[in-house]
Structure formats: structure tokens, C-alpha cells
Amino acid sequence: MNCEAVHCFDTATVRFAIYPDGLDGPRILGEITEDALRDLFGARGGPDSLLEACERHFELIAATAVIRHRLKPRQSIKLETMDFTYPIDDVAIQGI
0 MNCEAVHCFD TATVRFAIYP DGLDGPRILG EITEDALRDL FGARGGPDSL LEACERHFEL
60 IAATAVIRHR LKPRQSIKLE TMDFTYPIDD VAIQGI
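Numbering (numbering that gives the first Met the number 0), first residue to last: 0 to 95.
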């Protein structure tokens with residue numbers, strides 16, 4: 000999966016794009032916090048390290064964002080550390 004991402008200094012996040020319905024479908028923007036990238040995905044430095052961590056772990060980040068989008072399609076996607084530390088209820092993701 001291709002990682003389209005940019006560091007957003009003002010919000011302390013990395014903004015990324017996902018395509019829940021494939022490349023022919025809509026492009027959805029999401030964000031992941033710098034804290035999550037540092038706490039869980041090994042980022043240790045500045046913006047380049049954050050983008051690198053996002054790209055290395057993009058499959059998991061994108062899958063989590065798609066689940067969030069499917070559950071609440073009108074809500075913005077901002078992933079935090081806790082989004083990756085709690086098990087996802089299988090019932091909640093049926094049909095995704």
C-alpha cells in the first residue's frame with residue numbers, strides 16, 4: 000500500500016491519505032499523532048523520522064483508519080496511541 004503522508008507541525012500529527020474503496024473510490028484524509036508514532040512505531044527524531052515510521056507501518060495505520068472510517072464515515076480520523084492498544088470488537092468490523 001502506498002503511503003501518501005505529510006508532517007503537520009501545527010497539529011503535531013502526520014496527515015495521510017487512504018482509499019477505502021480502492022484507487023477508483025474517494026480519497027479520505029486521516030491523521031496520526033506524533034505521540035502514537037513515537038510510542039508505538041519507533042519514531043525517534045523530527046519530521047523525517049515520523050514520516051518514515053508512518054510509511055514503515057502504513058498497512059496497520061491504514062487498516063485502523065479504514066475501520067474508523069467505516070464505523071463513523073462522517074467523523075474525522077485522528078488516530079492516537081490508544082487506537083492501537085485496545086482489541087477491536089469483531090462484531091464492530093463485520094462487513095468491512
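Glycine included, C-beta positions come from ideal geometry on N, C-alpha and C. Bear in mind that the values here come from a model prediction, so they are computed numbers and not experimental data.
Within the same chain, and ignoring the five residues on either side of Asp82 in sequence, the residues whose Cβ sits closer than 8 Å to its Cβ are Ala35, Thr63 and Arg67. Judged by DSSP in its simplified three-state form, Glu30 adopts strand.
Scanning its chain for C-beta atoms nearer than 8 Å, with the 5 sequence neighbours on each side dropped, one finds around Tyr18 the residues Gly24, Pro25, Arg26 and Ile27, in chain order.
Within the stretch 38-87, the complete alpha helix (DSSP H) runs of at least 4 residues fall at 46-55 and 57-70.
In this structure, the CA atom of Glu3 is about 19 Å from the CA atom of Asp9. Straight through space, the alpha carbons of Asp20 and Cys53 are spaced by roughly 21 Å.
Boundaries of the beta strand (DSSP E) harbouring Cys7: Ala4 to Cys7, taken from the DSSP string.
In the DSSP assignment, Thr10 forms no beta bridge with any residue. Spatial neighbours of Asp38 in its own chain (CB-CB distance under 6 Å, excluding positions within 5 residues in sequence) are listed in chain order as Thr80.
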